[in-house]
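Let me begin by presenting the structure, written as structure tokens, before commenting on it.
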Amino acid sequence: MATTEHPPPSRLRAWMLEGLSDMGKGAGHSGPHAQPEAAHKGQRWWRVMCLTGVDYFSTLGYQPGIAALAAGLLSPIATIVLVIVTLAGALPVYRRVAEESPHGEGSIAMLERLLSFWQGKLFVLTLLGFAATDFLITITLSAADASTHLVENPHLTDFLHGKQMIITLILVALLGAVFLKGFLEAIGVAVALVGIYLALNVVVVIVGFYHVITAEHVITDWTSALTTEHGNVFVMIGVALIVFPKLALGLSGFETGVAVMPHVEGDPGDTEEKPTGRIRDTKKLLTTAALIMSVFLIATSFITTLLIPENEFKSGGQANGRALAYLAHEYLGNAFGTVYDVSTIAILWFAGASAMAGLLNLMPRYLPRYGMAPHWARAVRPMVIVFTLIAFLVTWIFDADVDAQGGAYATGVLVLISSAAVAVTIAAHKAGQRNWTIAFAVISVVFLYTTVVNVIERPDGVKIGACFIVGIILVSLLSRLARAFELRVTSVTLDDMAERFIRDMASRKMRFIANEPDRRDKAEYRDKIEQIRADNDMPEQEDFVFVEVTLTDPSEFEAGLTVRGEVLHNRYRVLTLESASIPNALAALLLHVRDETGSIPHIYFEWTEGNPFANFLRFFLFGQGEVAPVTREVLREAEPDRARRPRVHTG
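Each residue of the sequence shown is one higher than the one before, counting from 525 in the numbering used here.
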């Protein structure tokens, strides 16, 4: 089909939009990691686990400190509650998500399939807003915590004191620069970072437990303080359940774990329709990551709570945002502590890279397909600049404070996990699995409760999420409006009868009548022809073919077009089409006929009654309305040469 010609782009524009024509097409993976599925051999599941682990495991850099601030002396007990929710709730949910969505689309795609029309699109845009909150706060929070480890290092604290904001912004800028240059997924780097980081944490945990065991008063002092503060075990458990939502950061990483599924090798016999091995190995990935993290969460919360003075966890304290690093310096010396700091900074920075990649992969899956993103949104570099600038703004708003960003991060994580739990509950119900439906429903209630409590106690998260949601919806609707007259039919296919009609007409002037089907009886078609001849003062010998478009979901944007031909009442030739937009379908058909035959087709309309503005809104929202002028406008944008443009007649 013809497209509008543009002057050659400048070198800067060409560099910024590099890869634009290839990204976001089809249902496959897109973004900086785009790779044809057929050429993608995959990696062993444990290596891919490290790719998601740079996000998941890196939370150890700040999670123990946040847990101590939230739960105080109850931090180990509240963390055990978190681990139970992780292993008995989030893990089964995402193992089911891996079954239902094995190509990395995640729970958002599962819920997308449940809703159609505009409410489905708006629901997905809302979830994308929370996903953007999750990923962007991962970038800013990880950079802020990395700068905390740098500033609080004993060798650098005098030189860097008070410069945390600047350092955080520099780290975010460096992250953006890497993606502007071209970020290639380096699973090998992730394996090395995760391996070193976890090994160093094992050393810190062992040394921490050694000091807890050898200093017997530490445990007795802790248990005595617990009893004095809370009375008995049941009160402790009750309080731990209440403060648990504040520890929700420890649940991060599951959505990323499903998103990296396409990189899992699976079995040689796997197919795209039934990737059994990939699903099995992804379940291993999720389970192993959850078990490793659970052990570390319990161990680190225990030793940090018992060995670090309470005041050090607070803002300005040496353990704020870096509890394990504090223990590394305190008990293993500044040399080991510095190595630990470097490792933590590296994995936190790489967690930001993983989150940026997640954003760049997630948005092209939906927005371009909905027509709700400008063309340049399919290119990596413009989106990197947009996300980097937003990360700058978030860092400035939160003053590069790890604790202040915890609420926003937890909100994004919890909303995504809650939506996943609801999605698998519905999937189990549809599959007739009663026991799983009840189990997933209970899990959904737990996560929804946790989300609501987190939002009430820390509204910053939902405020930031709401800003992203409003921004995404506003930009999406404006983009859809700007692209309203774009030819968005990806292909046109004619059946044998339709082909026969076109070949027969090619030898003379090709005339089509756009008809809104009603009773489809003989009188309808006879009266329509008489009206068109009278309105356009045409002789009776002129021959016509009717074109009738049946509307599908008008909220859809791009789709192929199938044209079927039929003869009604032994006389009237009719082409029938199904499309989300009547004007786009008609324009696409006319251009296809012109290209196939070399002749310029004519199409005849009657004017639509009613207010033109109201009719345009009907077209924008429902795919119909002011059909004649919109069809002509779509043709004008698609074919700049008036001599080759199909003719539109309205009477």
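C-beta atoms are modelled at their ideal positions from N, C-alpha and C, and glycine is treated no differently.
Checklist entry - Exposed or buried, which one is Asp-1165 when buried takes at least 16 other CB atoms within 10 Å? => result exposed
Item to check | Contact under 7 Å by Cβ, Leu-717 with Phe-874 | outcome: yes
Checklist entry - Which residues in the same chain as Pro-1178 place their Cβ atom closer than 6 Å to its Cβ, once the five residues preceding and following it in sequence are excluded? => result In the structure as shown, the chain starts at 525 and stops at 1175, and residue 1178 therefore has no counterpart that could be examined.
Checklist entry - Just to confirm, are Ala-591 and Ser-825 a CB contact at a threshold of 7 Å? => result yes
Checklist entry - Taking all protein chains shown into account, do 16 or more other C-beta atoms lie within 10 angstroms of the C-beta of Gln-643, making it buried, or fewer, making it exposed? => result exposed
Item to check | Straight-line gap, Thr-1100 to Val-1071 (C-alpha atoms, nearest Å) | outcome: 6 Å
Checklist entry - Should the segment 801-818 be called in touch with the segment 605-614, which here means at least 3 C-beta pairs below 8 Å? => result yes
Item to check | Under the three-state DSSP convention, the category Thr-811 falls into | outcome: helix
Item to check | Simplified DSSP state of Phe-922, which is helix, strand or coil | outcome: coil
Item to check | Leu-1092 versus Leu-886: straight-line alpha-carbon distance, rounded | outcome: 47 Å
Checklist entry - Expressed to the nearest angstrom, what Euclidean distance is found between the alpha-carbon atoms of Ser-1079 and Tyr-894? => result 8 Å
Next on the checklist: Taking the alpha-carbon of Leu-765 as reference, which of Pro-888, Leu-998 and Tyr-973 has the nearest alpha-carbon?
Outcome noted: Tyr-973
Item to check | Burial state of Asp-1067 (16 or more Cβ within 10 Å) | outcome: exposed
Item to check | Identity of the residue in Thr-672, Ala-697 and Leu-698 nearest Gly-686 by Cα | outcome: Thr-672
Next on the checklist: Assuming Thr-806 and Trp-569 are in contact, meaning their beta carbons sit under 8 Å apart, how far apart are those beta carbons, in whole angstroms?
Outcome noted: 7 Å
Item to check | Among Ala-944, Lys-1033 and Asp-1020, nearest to Met-1062 - alpha-carbon criterion | outcome: Lys-1033
Item to check | Assigned secondary structure, Glu-1072 (DSSP; H/G/I helix, E/B strand, else coil) | outcome: strand
Checklist entry - What did DSSP end up calling Thr-795 once you bin it into helix, strand or coil? => result coil
Next on the checklist: Below 8 Å on the Cβ atoms is my contact criterion, and I expect Met-1085 with Ser-1103 to pass it. Report the Cβ-Cβ distance as a whole number of Å.
Outcome noted: Per the sequence shown, the amino acid found at residue 1085 is Leu instead of Met. Indeed they touch by this definition, with Cβ atoms about 6 Å apart.
Checklist entry - So does the segment 625-634 actually touch the segment 779-786, counting three or more Cβ pairs closer than 8 Å? => result yes
Next on the checklist: Measuring CB atoms only, is the segment 661-675 touching the segment 916-923, in the sense that at least three cross pairs come out at less than 8 Å?
Outcome noted: yes
Checklist entry - If we count Cβ pairs, one from each stretch, closer than 8 Å, do we get three or more for the segment 1121-1130 versus the segment 1003-1014? => result no
Checklist entry - Using a Cβ-Cβ cut-off of 7 Å (strictly less than) and excluding sequence neighbours within five positions of Gly-653, which residues of its own chain qualify? => result Gly-989, Phe-992, Ile-993 and Ile-996
Item to check | CA nearest to the CA of Ile-909, picked from Arg-889, Leu-883 and Ala-932 | outcome: Leu-883
Checklist entry - Which runs of the alpha helix (DSSP H), 4 residues or longer, sit entirely within the segment 615-657? => result 615-624 and 630-636
Item to check | Secondary structure, beta strand (DSSP E): runs of 3+ residues fully inside the segment 976-1036 | outcome: 1013-1018
Next on the checklist: Once DSSP output is grouped into helix, strand and coil, what is the label at Ile-1127?
Outcome noted: strand
Item to check | Cβ-Cβ separation, Thr-650 to Ala-932 (assumed contact under 8 Å), whole Å | outcome: With 8 Å as the limit, Ala-932 and Thr-650 do not qualify as a contact, their Cβ atoms being about 16 Å apart.
Next on the checklist: Would Arg-1088 and Pro-1170 qualify as a contact pair, given that the criterion is a beta-carbon distance under 7 Å?
Outcome noted: no
Item to check | contact_flag[the segment 830-847, the segment 792-807] where n(CB pairs < 8 Å) is 3 or more | outcome: no
Item to check | Ranges of the alpha helix (DSSP H) found wholly within the segment 809-852, counting only runs of at least 4 | outcome: 834-837
Checklist entry - Leaving out the 5 sequence neighbours to the left and right, which residues in its chain are closer than 8 Å to Ala-594 when beta-carbon positions are compared? => result Ala-602, Val-767, Lys-770 and Leu-771
Next on the checklist: Let me check one thing: in DSSP terms, what residues is Tyr-1096 bridge-paired to?
Outcome noted: Leu-1092
Item to check | Cα-Cα separation, Ala-915 to Arg-982 | outcome: 20 Å
Checklist entry - In chain order, what residues of the same chain have a beta carbon less than 6 Å from the beta carbon of Asp-579, not counting five sequence neighbours either side? => result Gly-777, Thr-780, Ala-875 and Ser-878
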